[in-house]
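Student: Counting from 98, one number per residue, gives the positions in the sequence shown under the numbering used here.
Using N, Cα and C, we set each Cβ at its ideal position, and we do this for glycine too.
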Amino acid sequence: MGRVLDRPVNVRLEQGQPVGFSWQGVFYQVAKILDCWKDAGCWWEGESTKLFYRVAVSDGGLFELYRDTRKDTWFMYKIYD
């Protein structure tokens, strides 16, 4: 199970891929990108495409991040328990 948050997050990128992020005052190093997908959302309502990443971090945590492609901003979408 996971908690959906959908909150802004600062992400460090290398070659366009997330390699780390700061969340609640803690920096997490991405150990592995487990999955990546696009979600077009409700395009008929003007929603922008979101590029999702499911990542494992070096301390064993599992998170989902996404980038709003129109605004080029990152969000913490989900934290897995």
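Where R164 and M98 are concerned, what is the direct C-alpha to C-alpha distance, given to the nearest angstrom?
Tutor: To locate residue 164, count along the sequence shown from 1; it is residue 67. To locate residue 98, count along the sequence shown from 1; it is residue 1. Answer to the nearest angstrom: the Cα atoms are 22 Å apart.
Student: Identify every residue that forms a DSSP beta bridge with D136.
Tutor: The count along the sequence shown starts at 1 and reaches residue 136 at position 39. The partner list for D136 (beta bridge, DSSP) reads K147.
Student: How long is the line joining the alpha carbons of R167 and S145, rounded to whole angstroms?
Tutor: Along the sequence shown, one-based indexing puts residue 167 at 70. Along the sequence shown, one-based indexing puts residue 145 at 48. Using only the alpha carbons, I get a separation of about 6 Å.
Student: With a cut-off of 8 Å on the beta carbons, I'd call L159 and A153 a contact; round off their distance for me.
Tutor: Working through the sequence shown from its first residue, we reach residue 159 at position 62. Working through the sequence shown from its first residue, we reach residue 153 at position 56. Right, their Cβ atoms sit about 6 Å apart.
Student: Since V123 sits in a beta bridge, which residues does DSSP pair it with?
Tutor: Taking the sequence shown and counting its residues from 1, one reaches residue 123 at position 26. V123 is bridged to W120.
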